[in-house]
Amino acid sequence: MLSSYLQRKFIQPTLPPTILHRESLVKLLHNALADPPDTVTLTSHANSCKLVLVSAPAGYGKTTLLADFARHTSLPCCWYSLDQSDANTYLFISRFIACIQQHFPQLGTDFAQILEPNFPADTHHAEIEQRISTIIDALVTRITTTIPHRFAIILCNYHEVNENDHINTFINILLKHTFEQCTLIIESRAIPSLELATLLSHHQLFGIGSNVLRFSIQNIHDLIQLQHLPPLTEEEVQYLSKSLDGWIAGILLGTRLGDRSASIQTTSTQEMWGSPAIRMDKQNLFAYMVDEVFKSETAIYRFLKESSILHQLTPFLCNQLLNITTAEQQLSYVEKQGLFVIRNDDEDQSFYIMHPILRELLLDELNRQDIHHARRLHQRAASIFYDLQDYDEAIAHAIEAQDFELATKFISTSAKDLLHQENEEKIARWIDMIPLPVFEASSQLLLIRAKIYLSRSEWLQAQPLLEKIIALTSTETQHGQENITSTAIADVLIAQSRTLFNAGHYLQSQRLCEQALQLLPETEYALQAKAHHYIGIAASLLGDCKTGLSQIQRALQLCSHQTETNETAILHSNLSNIYNMIGNYMLAEYHCTTAIKIYRDLENKRGEIDNLIGKAIIKRNKSEIDASIALFQDILTMTREANYINGEAYTLENMGEVYQDQNNLELSLQALDHSLMLARKIGDNMLINNTLLNMAMAYLYMGDPVTALLLVDQTQIKTQETTSYDAMICLLTRGTIYLYQHQYQRAEEILSDLLPSIEKAGLKSRYIRALIRLTACYIGLKQPAKATVLMEQISDIIQQGNHQHITTMELQRLPELKQALQERANSTSEASPDISAGNAHPPVEPQLITRTNENQETKTLRILAFDEPEVLINGMPVRRWRMAQAMELYFYLLDHQRPVRKEQIIDALWPESDENVDQKLRSTIYYLRKAIGEACITYNTGIYVLDNTAVYGSHVWYDVDIFQHHYTEAKQALQQEDHAHAKTAFETMVSLYRGDYVRSFYSNWCSLRRDELRRSYLDARRQLALLAWHYENLEESILHWRYLLNVDNYLDEGHYGLMRCYIRQGKRNLALQQYHHYRDLLDSDLHLAPSPTIHKLYQKLMHADS
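Right, dumping it as structure tokens:
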């Protein structure tokens, strides 16, 4: 007679009516046992499995499924629920047999005679195995002779006995016997330590795991319907399935689906996860975990609870975090025991993942028990991940620890590198995790966030942050705190200058950058480059394009060690814009193409779009209107695909202008109207003003000057500053409106004052428009003398043919002026240019030109080849080179200083020759003679000679000639040890060297000469530094070394010279700082180390200090 205890162990559970019948899973078990519900005979079951294994963590419905299967199958099922008391081998075997006897009494009751009363601990394994084999032989013989039907033995909770090797041996031997009556079904939280390979190879093992057992979305719907509960939305069900990962116990215990809705629905909102319609009762879930899952695993529970702060568990991370060495063993154990931790084998590494609900519960308990301990763990994790350069995890843990000082440090340090890698979104996400009061009190975080806004052209969002930084800095200074360095203040000033620039305050923007330069140390090249850059673009928009070019070229020089970065791409982009403004389209295209290439290499789509816009504008200015429109249309598609609102706005604004050139005014207004809406949305004042002015011109051309004037009045441009770019365009627009209203006097007053400013600024296309419109004013005012002077200039422009679309469109809209020009051309004896086409060729080059000896007034010629090349006649710069390469040809001939064959010129300036190259050369020579004097260039039998003295006599001054003369003189003085004379000559040299030789020319002919002159300049600086050192003028020596390094930052001798000067001055820290800067520079850029000479000086300095 079985005891009541054993009877309870052998009775299968009774399932309540609210349990969901999972027909598909029950059917899987039927198929595995080859169990058609209408028969239990031994025939037709040769393919049935010997073992069915159902393994999953607690709460996945394993026992419920097997009970449901037992209820629906026709097979007799012997049920055996295991617990810790069954871990005794003798008890297990005896109860195993008793379980079968419970269903099949004919098995007999004499097995007690076969079973040993115990299994002594000192019995050898082989002896135990022999005894077990004897028992199984007797059991199998009895089953085959007394039980004619098939049946199943269901062992529940096998994980309770899995550690007993003798029990595992018993099951292994049993499964090796060939008898068809019995299929063994094992349910366990962990994979049993059984010999499964043979069963697998013979297809005699069928397994069901958590992936099959977890509740699907349809299962949840079915359960709701079964329990007659109000339906959940599809979104709520999906959330429930995903958040609990189909864990059945979690769904039942933690929500109102567990048929205990009355008590669970009272849970407070603080205890909810996810949607309010799905209330998760953490208390129920946690009690289940503690009482059912970890009731005998206290050490593992503690290990997992403290490790739960990690998203992914690895032995290394857990050992480092908990200061242990056993993490690998513990992680392996919890996986094998099915304790809600699974292993994930990735290509790079293996790691473990905790079930999301278990992790949530353990984290809550960790924080509840000892919040300070939890925060210390997060701090430790933050440091671990920071050392691993996993900044996402490091910062997240620092924030969880509420160590915002540490989080700020991590964000500030990592942002220096990541901002250059287009990771603004990631950095912004980190900063947004910081509490608002902490963020607003941190000048570092405010500056980083402001820079991100500025990089996206979100000026309105950046400005208040910069103002807070200034206020913080002021407060800290008043209280004697120094939490922000002078370099950081300069960084803020530079950032703020960008917002002022965007608001149209170009002069204030310049001044802030100039202040920043005063604060920056000599070695802070990146910020110096930014300051020069913003000074340059502001200068160009203030009408000083020459300063703009020199400042941006200076910035590019400071970035010379970084050839392909966002910073250098932006510099090339702005150089392209300025060259485009002044009509040097060759250089504009060069810099624009360079910027596009860099941005594409960096995969910076927005930067690429910005410069494609620039490329389309250049095409428009070169009269390639159709190509410009086609490119703009492609760009517009790109901006919308990239969701780049700024790029879309600027594209539409420029398309509006090009449509005006085509006289397609309706399309122009549509594009401009959309651009204006976007410009106001992003708060770009410059774009708003430009768009309003272009809309004004569209309305004017459509015959509505009143609306045109209203639009001009809406702009926020200070027209008193007539030299600024914005003011010049605004005044040009207003003057044009007055012209079209026939208010000639008002128009003339504006345009006549404006024309010199535009010419001085070098804005070629704007100058042509202003010139034509002012000429029309004089015709309207009946002032033919003034009109005639200007018409001569217009004829020259038409003859050049470089701005055909501008002259053609302007003259079509001003028919009286067009007719006057045609009449003037017809009345002269010279060949008249084709006004309607706007194109004409210069005369063909004569075969022989000789020097004239006519008496001429004295002229002076001043030639500047260093930095941006320039030629001045009588002190006035030559602007009308007419053709782009006329100026370059002049400097090419000047450099050779000897007769040059025609073929040599063509190879140098037009290496990719075509059919028209001879015509190009003749045209270029023609315009060059016009610019500097006919007699300066002679031609005879294919050879050209430049002779400036033919026109200017001895009044020719050339900076390169003087530079080289003083270099020779200085060298001779050094040999004679005449240091004073040498110093004077060297100082003259460096004063002449304003920058690289003919910087804006990119042909091969000038590169060798440029390098030669740069070497001479560096040698002059070097000699001056050494002379100053010799005479103990240390500050002067330092100055020369710094100038030398500004040209070539990798010169070992320059850094060595600075270190020596600092050491001589007793400034050890500056010497060390210089060495570390040079070492880091070489390592990051060239992967090199300083030379042995400078390293030896460093070691000597360190040794002397010790």
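In the numbering used here, the protein residues as written are 30 to 1135. Note that beta-carbon positions come from the ideal geometry of N, C-alpha and C, so glycine has one too.
Using the C-alpha atoms, what's the distance from GLU593 back to ALA617?
18 Å
Between the CA atoms of ARG243 and CYS211 - distance to the nearest angstrom:
28 Å
Taking contact to mean 3 or more Cβ pairs, one atom from each stretch, closer than 8 Å, check whether the stretch 1048-1062 and the stretch 528-546 are in contact.
no
Could you pull out every unbroken alpha helix (DSSP H) segment of at least 4 residues lying fully inside the stretch 671-754, listed in chain order?
674-690, 694-711, 714-730, 734-743
ARG709 versus LEU1087 - alpha carbon distance
51 Å
Between the alpha carbons of LYS91 and VAL83, how many angstroms are there, rounded?
7 Å
Use the C-beta contact count for GLY1095: other C-beta atoms within 10 angstroms, 16 or more gives buried, fewer gives exposed.
exposed
Measuring CB to CB, does ALA915 end up less than 8 Å from LEU957?
yes
Which residue comes first and which comes last in the alpha helix (DSSP H) that contains ALA430?
Where ALA430 is concerned, there is no enclosing alpha helix (DSSP H), given that its DSSP letter is neither H nor E.
How is TRP986 classed by DSSP in three states: helix, strand or coil?
strand
Report the residue from VAL946, CYS1090, LEU1080, TYR807 whose alpha carbon sits nearest the alpha carbon of LEU1115.
LEU1080
Given a cut-off of 8 Å, decide if PRO42 and ALA96 are closer than it, judged by their beta-carbon atoms.
yes
In this structure, how does DSSP classify ASN186 when only helix, strand and coil are distinguished?
coil
Please determine, among PHE180, ASP896, ALA894, VAL900, the residue with the shortest C-alpha to C-alpha distance to LYS888.
VAL900
Return the residue from the list THR765, PHE1015, ILE456, GLU389 that minimises the CA-CA distance to LEU474.
ILE456
Near ASP399, what residues of its chain come up, given a Cβ to Cβ distance below 7 Å and the 5 sequence neighbours on each side ignored?
none
Under three-state DSSP, which class holds SER290?
Confidence at SER290 is low in this model, with a pLDDT of 37, below 50, so the placement of that residue is unreliable and no value is reported for it.
Assuming LEU1071 and GLU551 form a contact by the criterion Cβ under 8 Å, report the distance between their Cβ atoms to the nearest whole angstrom.
First, the residue type needs correcting, since residue 1071 is Arg and not Leu in the sequence shown. Confirmed, about 5 Å.
Determine the contact status of ILE638 and THR668, defining contact as a CB-CB distance below 8 Å.
yes
Which value, in whole angstroms, describes the spacing of the CA atoms of LEU1110 and SER983?
49 Å
Given a cut-off of 8 Å on the beta-carbon distance, is the pair MET724 and LEU705 in contact?
yes
ALA894 vs TRP1034 beta-carbon contact at 8 Å
no
Alpha helix (DSSP H) runs contained entirely in the stretch 881-921, provided each spans 4 or more residues
none
How big is the Cα-Cα spacing for LEU600 and THR516?
22 Å
Alpha carbon to alpha carbon, how far is ILE787 from CYS574? Give it in angstroms, no decimals.
11 Å
Measure the alpha-carbon distance for ARG880 versus ALA979 and round it to whole angstroms.
Below a pLDDT of 50, predicted positions are generally treated as unreliable, and ARG880, at 42, falls in that range; the measurement from the model is reported next regardless. Roughly 7 Å between the two C-alpha positions.
Here's the rule I'm using: 16 or more other beta-carbon atoms within 10 Å means buried, otherwise exposed. How should ARG527 be labelled?
buried
Roughly how many whole angstroms lie between the Cα atoms of LEU840 and GLN848?
9 Å
Beta-bridge partners of ALA181, as assigned by DSSP:
CYS106, THR212
Under the DSSP definition of a beta bridge, which residues are partnered with LEU80?
LEU213, LEU234
Could you pull the DSSP bridge partners for VAL929 from this structure?
TYR973
Using DSSP with H/G/I as helix, E/B as strand and the rest coil, what is ASN348?
helix
Helix, strand or coil: which one does DSSP assign to ILE456?
helix
Residue range of the unbroken beta strand (DSSP E) whose run includes ARG372:
370-374
So, with DSSP's three-state summary, where would you put LEU387?
helix
Spatial neighbours of CYS621 in its chain, beta-carbon cut-off 6 Å, leaving aside the 5 residues before and after
SER605, ASN640, GLY643, LYS644
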